[in-house]
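Reading the sequence shown from the start, the letters are residues 41 to 562 in the numbering used here.
Every residue gets a Cβ at the ideal spot worked out from N, C-alpha and C, and that includes glycine.
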Amino acid sequence: MRPTIAHVLKNGEERDVPIEAVIVGDTILVRPGEKIPTDGTVVKGRSSVDESMLTGESVPVEKHEESRVFAGTINQSGSIVYETTKVGTETMLAQIITLVEEAQGSKAPIQRFADKVASIFVPVVIGIAVATFVIWYYIVSEPVFSRALLNFVSVLIIACPCAMGLATPTAVMVGTGLGAEKGILIKGGEVLEKAYQLDTVVFDKTGTLTKGVPRVTDIIPAHSATRDDLLRTALSLETVSEHPLAGAIMEMGKKEGITTVEIEGFSAIPGKGVRGVMSGIPVLLGNMKLMAEENVTIDAMKEEVEGLISSGKTLAFVASDGLLTGVIALSDSIKDSAQEAVRRLKKAGLDVIMITGDHTKTARAIGREAGIGRIVAEVLPRDKSREIKRLQSTGRIVAMVGDGINDAPALAEADVGIAIGTGSDIAREASDITLVKDDLTLVSSAIRLSSITMKIIKQNLFWAFFYNSLGIPIAAGVLYPLFGIFLNPMFAAAAMAFSSVSVVSNSLRLRSVWERENKREG
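What follows is the structure, encoded as structure tokens:
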């Protein structure tokens, strides 16, 4: 996630040095499009930086002198020079990786039920077989060695725990195979055993529930302007702008076929917006602070503005010749599958929570749209994993769904981590389940597959144990005094084989059960 080379400035010269050679106090140059090598503080230049890997924020953060920058984040526009404050294991990125390692190391392996049964069952069966031999050779009237030996062998054969050994792996093999066919990659039987116990699912917001890309949602002209006037002014300014929201506005303008006008005297106002002259008229595009500084009143649109702000949207005001032209609202939209995914999880009786580093208002707006009532906002990566721990401390079995490196500690800390396949490599590495397709309904599918698989495993174990429990007394000769029946070792072997076949057949039945469940859910 970090570059291997840093552009270090020494004595007025630029030198490319390995990242391992960078020390605290070095001055580093970062050009547009490059990743920032270490943590530090900007000493020269202005730019916008994509910090979504750390904070989950979809909108790039503007940087200027004295702003902090972090290793692995991406410089998007202007060049910046910063002084290194943290290197190596001290950087934010390295701390996140350490959190992942600690969380992964703290996970205890799940002890299989079959192992527990077998550890008791095998010595008990051996004891029963020995007792059978002793009874038929020393206690019954007219003892015969061959008969005692055959009964001894029959007990051992019919009680062979092959079916118990097959009960779990065959179901796991079928379950994981079915998951892979549907784009659900499961990292083994332990995950299946844990996923069906889940009662809480925590979603990251940016890039997981949402598309992670700002888009224009509202274009509201002032009373004295038209929609085309508003868009033309905004598009003309953003065409020469490096503002983080410029791309979304340009996309909307081009979509509607708006032609641009050449801007003269263009200048960017850091943290506020841009200004210029269009056809001899001064124009502005920026936030509410810029409008206030330029004495542009927004009172005429106060009601619309308050409504947009309450819905958590980012506002870009446009003014021409000192008068408000209108407002453009932008927001990150939820994925098409988000609402259906939440509905299915709630229908299955699971609690759904959204956690994000985004602002509270924006998070609540997205939560309402997705159908999630419980929101945890404005949290850093460390806080995400702590929130997972807090939920677990209350006795909850928690799944975390995320896509970025900022989600990795929480993914590793959760009982079941579910990563979106389109996300970062480290997120997929920290997760237990990876969704190959960017379809959130696969979250409920994965949990349902786990539940079906565990049901099949329990059926397998029951029937395997039932066959053995029923067959052992018959093999030991309990029917001989009443009916004169002995169990031939060949029939005992056939019964043992049948129990194994029945377990495998029941595991294969998982496919039809899964397809039936999918049809009912769909």
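As assigned by DSSP and simplified to three states, the class of residue i
i    : result
F110 : coil
P529 : helix
P58  : strand
V419 : coil
D14  : Because the chain is modelled from 41 through 562, residue 14 falls outside the range shown and cannot be assessed.
L69  : strand
R315 : strand
A388 : coil
E123 : strand
V242 : strand
L364 : strand
G305 : strand
E53  : strand
R383 : helix
R42  : coil
S540 : helix
T172 : helix
T354 : strand
S117 : coil
E102 : strand
R551 : helix
V162 : helix
I298 : coil
I179 : helix
S545 : helix
S88  : strand
Delimiting residues of the beta strand (DSSP E) encompassing residue i
i    : result
R255 : T250 to P261
I321 : I321 to G326
L348 : Looking at the DSSP string, L348 is not in any beta strand (DSSP E); the run it does join, the alpha helix (DSSP H), is K342 to S350.
A46  : I45 to K50
V231 : Here V231 belongs to no beta strand (DSSP E); instead the alpha helix (DSSP H) covers G229 to A235.
L475 : I473 to L475
K375 : Per DSSP, K375 belongs to no beta strand (DSSP E) and is neither H nor E.
Cβ-based neighbour list, residue i, same chain, cut-off 7 Å, excluding 5 preceding and 5 following
i    : result
I197 : P529, A532, A533 and M536
A286 : E278
Q151 : With a pLDDT of only 38 at Q151, under 50, the local geometry of the prediction cannot be trusted, and no value is derived from it.
F185 : Y177
A262 : A340, M341, L364, T365 and G366
L330 : I309, K312, G313 and L324
R267 : I259 and P261
R436 : D239 and T240
D90  : P100, T113, I114 and Q116
Endpoints, the alpha helix (DSSP H) within which residue i is located
i    : result
A405 : T400 to A410
R267 : R267 to T279
T208 : C202 to E221
V82  : No alpha helix (DSSP H) contains V82, which is instead part of the beta strand (DSSP E) from D79 to G85.
I16  : Residue 16 is absent from the model: the chain starts at 41 and stops at 562.
I514 : T481 to A516
K295 : A286 to K295
L189 : F185 to I198
L225 : Unbroken run through L225 is the beta strand (DSSP E), I224 to I226; no alpha helix (DSSP H).
F522 : It is Leu, not Phe, that sits at residue 522 in the sequence shown. Segment Y520 to F523, the alpha helix (DSSP H) holding L522.
Same chain, Cβ closer than 8 Å to residue i, five either side skipped, listed in chain order
i    : result
R551 : V214 and L218
A134 : A111 and G128
G73  : I114, N115 and Q116
A288 : V253, P254, R255, V256 and L370
Contact set for residue i: own chain, Cβ-Cβ below 6 Å, skip 5 residues either direction
i    : result
S119 : R71 and G85
K50  : none
S88  : P100, E102, Q116, S117 and P284
For residue i, the nearest candidate out of the options (CA to CA)
i    : options                   : result
A207 : L225, E555 and A504       : A504
V483 : G442, K495, P449 and L510 : G442
L249 : A405, R488, P521 and V64  : A405
T162 : V193, E230 and C200       : The sequence shown places Val at residue 162, rather than the Thr named in the question. The shortest C-alpha separation from V162 is found at C200.
D372 : E334, T402, M394 and K295 : T402
M328 : T210, M318, E230 and E346 : E346
G457 : T354, K234, L522 and K559 : K234
T481 : Q432, R556, K375 and E555 : K375
I393 : L385, R414 and E380       : R414
I298 : Y236, S509 and R272       : R272
V212 : G229, E296, C202 and K222 : G229
I571 : V336, I303 and A188       : Nothing about residue 571 can be read from this structure; the chain reaches only from 41 to 562.
T44  : I63, V64 and K75          : K75
Output the residue ranges of the alpha helix (DSSP H) runs that lie fully inside the segment 422-462 and measure 4 residues or longer, sorted by chain position. 448-453
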